[in-house]
Amino acid sequence: MTAQPEQRASHRRRSTRRRAVIAGVSALGLTGAAIVTSSMLSTAGAAASWPSDTGSKPVSKTVPVSGVHDGGMKKYYGTGDLSGDGQDEGQDPIFELADGATLKNVIIGTPAADGVHCKGSCTLENVWWLDVGEDAASFKGTSSSAQYRVVGGGARKADDKVLQFNGAGTLTVSGFQVEDFGKLVRSCGNCKKQYKRTIVLKDIDVTAPGKSLVGINTNYGDTATLSEIRIHGDSKKKIKTCTRYEGNNSGKEPKDLGSGPDGKYCTFSASDISYD
C-alpha cells in the first residue's frame with residue numbers, strides 16, 4: 001500500500017465471542033471443510049462460524065489472478081519475501097487481482113503480508129483472513145465506474161484497517177463478518193491521488209473490540225450507506241459507525257470531523273444498526 005500511514009490503533013488480542021449458525025455444504029462438493037458461503041451469512045442476529053481449511057499452501061511470490069481463482073478453501077500463507085505480518089508499509093500481497101478478476105473460497109493464514117490487491121474491479125467471494133497483516137484487501141482501480149464486491153467471508157485481528165480503499169469507484173461489502181479490528185473500511189485519508197469513493201455496507205456481523213466501521217472523506221465527496229449491521233459484544237456502543245474526515249493528498253493525518261449519520265455523507269438510520 002502506498003498511502004502514508006495514518007495513526008495506528010492499538011491491537012487488543014482478546015478472545016472474541018463466536019456465534020454459530022447451521023452450516024451447509026458448498027456446491028463445490030468439497031469434503032472435510034466447513035464451507036461458508038454468502039447465503040449462509042444472511043441470518044440476522046448471528047455471525048457464522050469460521051471455516052476449516054482443506055489444506056495449507058505456502059506462497060513465496062505474489063499470485064497473479066485473472067479470470068476466476070477458486071482456492072477450494074485451502075489456507076494460503078506467506079513465506080520468504082511475503083512473510084511479513086505487521087504494519088510495515090509497502091508489503092506485497094498474497095494475491096493480486098487484475099481488472100475484472102474473482103478470488104473465491106480462500107483462507108488467508110499467517111503471515112498474511114498485504115493480503116489481496118485489486119488493480120481494478122474485482123470480486124472477493126467467501127475469502128477469510130485469520131490474522132490480518134498490513135491490510136486484508138486494498139482496492140486500487142482508477143476508474144470512477146470500478147466496482148469492488150466483497151461477498152461473504154470475514155476477517156479478524158486487524159491492528160488497523162481491514163479493507164483499504166485507495167482507488168476510485170464503488171466498494172460493496174455484504175454478508176461479511178469482522179472481529180477484533182481497527183477500521184472495517186477506510187477511504188484513504190492521505191493518498192497522493194484522491195478520488196470520490198462510494199461505500200456500501202450491508203448484512204454485516206461485527207464483534208467487538210473494534211474502532212470504526214467505515215471512514216470517509218467528505219471533502220472529496222465520499223459517501224457510505226449502512227444497513228443490516230449487527231454489532232455483538234459492544235453494549236457501551238464504543239465502535240463508531242461512520243466517521244467523517246477531511247482528507248488530503250499531502251500525507252498528513254486527516255482531520256476527524258465527527259461520526260454518525262448526517263443524511264448526506266453517512267447515510268443510515270438507527271434501525272439499520274442493532275446491538276446484542
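Sequential numbering from 1 applies to the sequence shown in the UniProt record's numbering. For each residue, glycine too, the CB sits at the ideal point set by N, CA and C.
> What are the boundary residues of the beta strand (DSSP E) that proline 64 is part of?
Replying inline: Proline 64 -> beta strand (DSSP E) spans 63-65.
> Can at least three beta-carbon pairs, one atom from the stretch 158-167 and one from the stretch 182-201, be found at a separation below 8 Å?
Replying inline: Look at the beta carbons and you see the stretch 158-167 touching the stretch 182-201: at least three pairs across the two are nearer than 8 Å.
> Exposed or buried, alanine 146, counting other C-beta atoms within 10 Å across all chains shown (16 or more means buried)?
Replying inline: buried
> Would DSSP call aspartate 81 helix, strand or coil?
Replying inline: helix
> Using a Cβ-Cβ cut-off of 6 Å (strictly less than) and excluding sequence neighbours within five positions of alanine 27, which residues of its own chain qualify?
Replying inline: The predicted model places alanine 27 with a pLDDT of 38, which falls under 50 and marks its position as unreliable, so this point remains unresolved.
> In whole angstroms, what is the alpha-carbon distance linking alanine 155 and valine 132?
Replying inline: 7 Å
> Can you pull the DSSP bridge partners for isoleucine 229?
Replying inline: Ile204, Ile273
>> Considering only the alpha carbon of each residue, which of Asn219, Val214, Phe176, Lys211 lies closest to tyrosine 195?
In response: Closest option to tyrosine 195, Cα to Cα, is Asn219.
> Name the DSSP beta bridge partners of threonine 188, please?
Replying inline: Checking the sequence, you will find cysteine at residue 188 rather than threonine. Answer is none; cysteine 188 lacks a bridge partner.
> Based on the DSSP secondary-structure assignment, which residues constitute the bridge partners of asparagine 217?
Replying inline: Tyr245
>> So the candidates are Gly141, Lys255, Ile204, Pro111; which of them puts its Cα closest to the Cα of glutamate 228?
In response: Ile204
> Roughly how many angstroms lie between the CA atoms of lysine 264 and lysine 119, to the nearest whole one?
Replying inline: 29 Å
>> Tell me the DSSP secondary structure of leucine 103 in three-state form.
In response: strand
>> What would DSSP say about proline 261, mapped onto helix, strand or coil?
In response: Of the three classes helix, strand and coil, the one that applies to proline 261 here is coil, per DSSP.
> Using CA coordinates, which residue listed in Lys192, Ser259, Gly233 is at the minimum distance from leucine 213?
Replying inline: Ser259
> Three-state secondary structure (DSSP) at alanine 112?
Replying inline: coil
> Can you name, in chain order, every residue of its own chain whose Cβ lies under 6 Å from the Cβ of serine 56, other than the five neighbours on each side?
Replying inline: Lys75
>> Report the CB separation of alanine 224 from isoleucine 216 in whole angstroms; it is logged as a contact under 8 Å.
In response: 5 Å
> How many Å lie between threonine 172 and proline 51 at the Cα?
Replying inline: The alpha-carbon of threonine 172 is positioned some 22 Å away from that of proline 51.
> By DSSP, does serine 49 sit in helix, in strand, or in coil?
Replying inline: Reduced to three states, the DSSP call for serine 49 is coil.
> By DSSP, does threonine 223 sit in helix, in strand, or in coil?
Replying inline: In the structure shown, threonine 223 sits in a strand (DSSP, three-state: E or B).
>> If distances are taken between C-alpha atoms only, which option among Asp272, Val59, Ser144, Ser274 comes closest to isoleucine 94?
In response: Among Asp272, Val59, Ser144, Ser274, the Cα nearest to that of isoleucine 94 belongs to Val59.
> serine 83 and aspartate 114: beta carbons closer than 8 Å?
Replying inline: No, these two residues do not count as a Cβ contact at 8 Å.
> So, are the CB atoms of cysteine 122 and alanine 136 less than 8 Å apart?
Replying inline: Contact annotation: cysteine 122 and alanine 136 have beta-carbon atoms that are not nearer than 8 Å.
> Start and end of the beta strand (DSSP E) containing leucine 124?
Replying inline: 122-129
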